[in-house]
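These protein sequence lines map, in sequence, to chains U and V.
Residue 125 is where the first sequence starts when you use the numbering used here, and the numbers rise one by one after that.
Residue 1041 is where the second sequence starts when you use the numbering used here, and the numbers rise one by one after that.
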Amino acid sequence: MKHEMNREWTRIDTNDCLWFAFIRVHSRLLSVVLLCLLSQLSALAADPVIRANLSVATTTVEQPVELQIEIQNARVIDPPDVEGDHLEVEMAGQSTRYQLLNGQPSFSSIFSYLVTPSQEGTFKIPPVPISIDGKTYYTNELTLQVTKKSPNNQGTQPDKPYFGELVIPKDSAFVGEPVPIELRFYFDRRIWYQPYPQGQFPIIDGDGFVTKKYPDPVEKEETVNGKRYRLLIYRTAITGVHAGRLELPSAYQEFLLHLPVTQSAPGFDDFFEQSPFGSPSNAFERKDVKVETNSGSIEIKPLPEAGRPADFSGGVGQFTLETSVKPERSKVGDPVIFQVQIKGLGNFDRVQAPHLDQMPAWDVHPPATDLTPLDEVGLSAIKAFAYVLIPQAPVTQTPGVTFSYFDPAAEKYVTLKAEPKPVIVSGPSILPTTSPSPVQSGSQPAAAPSIANTTNVSHFSPNSGFATVRQQTWFWILQGIAVIGLLAIGFGQWLRSWNAQHAAARALRRERRRLYRDLKSQDAESVLCAATRLIEVDFLLRSPEAAQQITAEDALRERNIPDPLRTRLLELVAKRSDFVYAHRFSPISPMDRIGIRETLHEWEKTP
Amino acid sequence: MNWLRIGWLVSFIAVNSSNADPVLWNQANQAFAAGKFDQARADYAQLIATGNVSPELFYNLGNTYLKLDDKGRAVLNFKRALALTPGFEPAKHNLNLVLQTAGVEPDEETLASWFADYPDIWMLGGSIFFWVLAYAGYSWFVWPRFRPVSKIILAVAIPCAAVCLAIAFWIGDGARSPDLAVVINPSVDVRYGPANGSRVTVTLGLGESVRLLSERGAWALCRTASGIAGWLPSNTVERLVPR
């Protein structure tokens, strides 16, 4: 049993070691994975954001459009159920997207559907319920306008390798009503094409209408008269600006084409007869062509004068109105944001700020506008007007809002009314007060509650200006001082060590100078001692690594010098020994002195 | 004691030499109080031209622009005041108020923006810690007897110098960068090329900051806070650091 336990322990230890080794080897990978998981968790922890949009807001009967439902910051597995009257909805796909935007993680589930209308009219796709963590969220309501199939001119086009087509789905519209149109450019599928210059959009010359910005064109394939064509579709909308028959001239677009040519028949007309795989040559002809569409016309009807509301600002379409206020509790003088949203399908560029009911308790500032297109052309959109309301007195509700527009389907004016939103504003009223209280000092918050009450400050605190320290001379002088200080300390340290290294040699040189002076002495013993010591000193200066204690005899033995010189020097050393140890005094003549000097010079000069 | 006296004298001279012309300052304030906003604006601008700037000066000029209903330049001058003194509450308050009335979300306070508000602290701190590190490292090699002290100093100075210098090089001149500019129009389209027909990459709102990269005629190449580069008309933005 004990043995079993030990084996178990051993196994656990081995596993631990393996885990430890694995963690050590893959620590970087694990940290990345952990980071991803954490950021994903933080993305999922945020409130879900749900958006629904249609690829286009208008289509023709049996022409499908794409519906996309995007759910941000939540993981939804089951596709939401989408339904709509006279609309056939088919699930087209599902995808997930994970991205980091400015360091903020974002996780999205995207569901795509194909919506095919079965008849003409304006249809609403109601808010789709989506259940996330027990809570039910709803998408925004969408509107799809379906027109009858256009009497297009596909059949009129002969077997051309490329041609253009203008599709206008309606025969008539009202002034200001946006009419979606399509500019279709067909190319035989063996032609490589590119708008020229790149990024150029089709041009429709003419008067009496305005067009919207082009989104990026859509590419697809279609069969016309039994031939397959690649199709480049530009979608936009035109809006008639005055009543009458609106004649739309041909739209045109330049393309750069690569046309296949054959050796036998390089002409352009018969290349269609060649099979794409049977061509004897892979040569291509480059060609810059201007492709034109057919022209068209539409009747523009005037907006009726009868029943036009006073606050009508030019909005034509179908709209809804919603309001919200934030924060719902505030104090007198603290601004609140009152947001009015107009959603729907229509000419949003002409939709002006809705009318707010007059309330003296609110100081209303002009709204900021934000337009969020819900399709690529911008016919279906949400236009938000954010009013800044500054309460001047305690108040319990926001102003009411009215918005009027013309509904072209019903052919009448409609006025939408949003009831006031409840809000709680507390604090003393500032309505009768007209003189502002001045700001006391720069360190205290401004007393002015609104722009109207803003006052200036009277004191002036000097400031070095916008220059940062990097642009200041004193900063770089200080850096220079720091560098010089460091270099000075280093130099001092080096000097001390150099001095320590060369102190012995310096002392020897000093001694040599003194000994030469002693050679001039009248005292014979001093002369002989100095001469002997000079031999030792010279040897030590030549060999700094030699031991400091060396005798003149050893020095003479160590050095390779001519024998006569060695003999003379040894005699000199012996004479000095006799003088010092045997007290045998023999006088030194001036000639001897000269001889000693010359001998020593010769010794020093010997390499 | 003598050093203290000299220091006091130097700071006194420095403060008094950078003081604005009190006559012009009072004159501008009086013009504002009297409702002569055009004259007040001219006087404040003259003060700025003399090079003696202060957060109060830009705050007052911002208020003057507000009275003249030029929200763009009001925002610009409030931001200038905040660039000089990030904690200047009156400017912060009025800036938020103007942005709210214009329907623009005030800039979110992030760690990066906080770093950028104090560019000098990081550079000075980085340089001080760097030299402490250099001297302590030197003493480590040269004077072994001081090693225990050097070790403690190095342990503190190395991370501090690294953090301060990294932040200093990351933010550069921060909120006082000469390349920074502020959108003074209610909205401006940033385009792919310097032409009105060019495609729009992003639309900026009043008071948004951009970094100007280069200028060509009436167009300026800029990089937005979200990192998108594009061209916008030069007259729709004004540099934060007055020239």
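A virtual CB, placed ideally from N, CA and C, is assigned to each residue, including glycine.
Compute the distance between the beta-carbons of SER504 of chain U and GLN476 of chain U, then report whether it is under 8 Å. The count along the first sequence starts at 1 and reaches residue 504 of chain U at position 380. The count along the first sequence starts at 1 and reaches residue 476 of chain U at position 352. No; because the gap between Cβ atoms is not below 8 Å, this pair is not in contact.
Using only alpha-carbon positions, find the residue among U:LEU238, U:ILE249, U:LEU664, U:ARG638 that is nearest to ALA654 of chain U. The residue given as residue 654 of chain U occupies position 530 in the first sequence. Of the listed residues, the one whose Cα sits closest to ALA654 of chain U is U:ARG638.
Taking the alpha carbon of THR267 of chain U as the point to measure from, which residue in U:ASP340, U:HIS210, U:TRP486 has its own alpha carbon closest? By one-based count along the first sequence, residue 267 of chain U stands at place 143. Cα-wise, what sits closest to THR267 of chain U is U:HIS210.
Pull up the distance between the alpha-carbon of LEU469 of chain U and that of ALA1073 of chain V, whole angstroms please. The count along the first sequence starts at 1 and reaches residue 469 of chain U at position 345. The count along the second sequence starts at 1 and reaches residue 1073 of chain V at position 33. For LEU469 of chain U and ALA1073 of chain V, the distance between alpha carbons rounds to 50 Å.
For chain V, find out if any of its Cβ atoms is closer than 8 Å to the Cβ of HIS489 of chain U; answer yes or no. As a working note, residue 489 of chain U is residue 365 in the first sequence. Judged by the 8 Å Cβ criterion, HIS489 of chain U is in contact with chain V.
In the DSSP assignment, find the alpha helix (DSSP H) that holds HIS773 of chain U and state where it starts and stops. Residue 773 of chain U lies beyond the range of chain U shown here (125 to 731); nothing can be said about it.
Skipping 5 residues on each side, what residues in its chain have a beta carbon closer than 6 Å to that of PRO1146 of chain V? In the second sequence, counting from the first residue as 1, residue 1146 of chain V sits at position 106. Correct list, in chain order: ASN1136, LEU1139.
Suppose you measure from the CA of VAL597 of chain U to the CA of GLY604 of chain U; what does that come to, to the nearest Å? Taking the first sequence and counting its residues from 1, the one referred to as residue 597 of chain U is at position 473. Taking the first sequence and counting its residues from 1, the one referred to as residue 604 of chain U is at position 480. Strictly speaking, residue 597 of chain U in this sequence is Thr, with Val absent from that position. Near 11 Å, if we compare the C-alpha coordinates of GLY604 of chain U and THR597 of chain U.
Could you spell out where the alpha helix (DSSP H) holding PRO285 of chain U opens and where it closes? Here residue 285 of chain U refers to the residue found at position 161 of the first sequence. Premise fails: PRO285 of chain U is in no alpha helix (DSSP H) and is neither H nor E.
Write down the C-beta distance between THR263 of chain U and ILE193 of chain U rounded to the nearest angstrom, noting that I regard them as a contact closer than 8 Å. Taking the first sequence and counting its residues from 1, the one referred to as residue 263 of chain U is at position 139. Taking the first sequence and counting its residues from 1, the one referred to as residue 193 of chain U is at position 69. Confirmed, Cβ separation roughly 6 Å.
Let's test the definition: count the other Cβ atoms within 10 Å of the Cβ of ASP745 of chain U and tell me whether it reaches 16, buried, or not, exposed. Lying before the first or after the last residue shown, residue 745 of chain U is absent from chain U, which here runs from 125 to 731.
Return the residues of the segment 611-642 of chain U that lie within a Cβ-Cβ distance of less than 9 Å from chain B, sorted by chain order. In the displayed structure, chain B is absent; the protein chains listed are U and V.
Would LYS336 of chain U be called buried (16 or more neighbouring beta carbons within 10 Å of its own) or exposed? One-based indexing of the first sequence puts residue 336 of chain U at position 212. Label assigned to LYS336 of chain U: buried.
Please state whether DSSP places ALA389 of chain U in a helix, a strand or coil. Translated into the one-based positions of the first sequence, residue 389 of chain U becomes position 265. Residue placement at ALA389 of chain U cannot be trusted, given a pLDDT of 44 that sits under 50; the coordinates are not used to answer.
Can you name the start and end residues of the alpha helix (DSSP H) that ASN471 of chain U belongs to? Against the first sequence, residue 471 of chain U aligns to sequence position 347. Element bounds for ASN471 of chain U: n/a, residue is neither H nor E.
Using beta carbons (cut-off 8 Å, strictly below), is PHE1077 of chain V in contact with chain U? What you label residue 1077 of chain V is simply residue 37 of the second sequence in a count that begins at 1. Closer than 8 Å: no.
Below 7 Å between beta carbons is the criterion; list the residues of the segment 487-518 of chain U that meet it against any residue of chain V, in chain order. HIS489, PRO491, ALA492, ALA510, VAL512
Which term fits MET215 of chain U, buried or exposed, when burial requires 16 or more other beta carbons within 10 angstroms of its beta carbon? Position 91 of the first sequence, counted from the first residue, corresponds to residue 215 of chain U. Answer is exposed; the Cβ neighbour count stays below 16.
Count the other CB atoms within 10 Å of the CB of SER399 of chain U; is the residue buried (16 or more) or exposed (fewer)? Position 275 of the first sequence holds residue 399 of chain U. Note that SER399 of chain U scores 44 on pLDDT, short of 50, meaning its location in the model is unreliable; the coordinates nonetheless yield the value given after this. SER399 of chain U should be labelled exposed.
Give a yes or no on whether the minimum CB-CB distance between LEU1064 of chain V and chain U is below 8 Å. As a working mapping, residue 1064 of chain V is identified with position 24 in the second sequence. With 8 Å as the cut-off, LEU1064 of chain V does not count as an interface residue toward chain U.
Name the residue from V:ASN1117, V:PRO1282, V:LYS1119 whose alpha carbon lies nearest to the alpha carbon of PRO1218 of chain V. Here the question's residue 1218 of chain V lines up with position 178 in the second sequence. It is V:PRO1282.
DSSP on LYS450 of chain U, reduced to helix/strand/coil? If you number the first sequence from 1, residue 450 of chain U lands on position 326. Three-state result, LYS450 of chain U: strand.
Using DSSP's beta-bridge definition, name the partner residues of VAL1222 of chain V. Taking the first residue of the second sequence as 1, we reach residue 1222 of chain V at position 182. Answer by DSSP bridge pairing, in chain order: V:SER1249, V:GLU1278.
Quick check on HIS479 of chain U: does DSSP put it in helix, strand or coil? If you number the first sequence from 1, residue 479 of chain U lands on position 355. Reduced to three states, the DSSP call for HIS479 of chain U is strand.
Establish whether the CB of VAL1055 of chain V and some CB of chain U are separated by less than 8 Å. Counting from 1 along the second sequence, the entry for residue 1055 of chain V is found at position 15. Summary for VAL1055 of chain V: the model assigns pLDDT 44, below 50, so the residue's position carries little reliability, and this model does not support an answer.
Sorted by chain position, which residues of the same chain lie with C-beta nearer than 6 Å to THR444 of chain U's C-beta, five sequence neighbours on each side aside? The residue you call residue 444 of chain U lines up with position 320 of the first sequence. Answer for THR444 of chain U: LYS467, GLY468, listed in chain order.
Kindly indicate the opening and closing residues of the alpha helix (DSSP H) around TRP1183 of chain V. In the second sequence, counting from the first residue as 1, residue 1183 of chain V sits at position 143. Segment: none, TRP1183 of chain V is in no alpha helix (DSSP H) and carries neither H nor E.
For a quick check, are the C-beta atoms of TYR358 of chain U and TYR310 of chain U less than 8 Å apart? Sequence index remark: in the first sequence, residue 358 of chain U carries index 234 (1-based). Sequence index remark: in the first sequence, residue 310 of chain U carries index 186 (1-based). Not in contact: TYR358 of chain U and TYR310 of chain U (Cβ atoms no closer than 8 Å).
Same chain only: Cβ atoms within 8 Å of VAL734 of chain U, ignoring 5 sequence neighbours per side: The displayed coordinates of chain U run from 125 to 731. Any statement about residue 734 of chain U would go beyond what the structure contains.
Between LYS1111 of chain V and the rest of its own chain, which residues show a CB-CB distance below 7 Å, the 5 nearest in sequence each way excluded? The residue given as residue 1111 of chain V occupies position 71 in the second sequence. Within the same chain, LYS1111 of chain V has close Cβ partners VAL1138, ALA1142, LEU1246.
Would you mind telling me which residues of chain V sit closer than 9 Å to ALA606 of chain U, beta carbon to beta carbon, in chain order? Numbered from its first residue, the first sequence carries residue 606 of chain U at position 482. Going along chain V in sequence order, the residues near ALA606 of chain U (Cβ under 9 Å) are SER1167, PHE1170, TRP1171, ALA1174, TYR1175.
Under 8 Å between the Cβ atoms of ILE292 of chain U and GLY441 of chain U? Residue 292 of chain U sits at position 168 when you count from the first residue of the first sequence. Residue 441 of chain U sits at position 317 when you count from the first residue of the first sequence. Taking 8 Å as the Cβ cut-off, ILE292 of chain U and GLY441 of chain U do not qualify as a contacting pair.
In the segment 249-334 of chain U, which residue ranges form an unbroken beta strand (DSSP E) of at least 3 residues, counting only runs that do not cross its ends? 253-256, 259-262, 266-271, 286-291, 296-298, 302-312, 316-319
Could you give the distance in angstroms between the alpha-carbon of ALA1123 of chain V and the alpha-carbon of LEU1106 of chain V? Within the second sequence, the letter at position 83 stands for residue 1123 of chain V. Within the second sequence, the letter at position 66 stands for residue 1106 of chain V. Using only the alpha carbons, I get a separation of about 19 Å.
Who are the neighbours of LEU1124 of chain V on chain U, taking C-beta pairs under 9 Å? Within the second sequence, numbered from 1, the residue matching residue 1124 of chain V stands at position 84. Chain U residues near LEU1124 of chain V: ASN587, SER588, GLY589, PHE590.
ALA508 of chain U by DSSP, collapsed to three states: which one? The residue you call residue 508 of chain U lines up with position 384 of the first sequence. If DSSP states are grouped into helix, strand and coil, ALA508 of chain U belongs with the strands.
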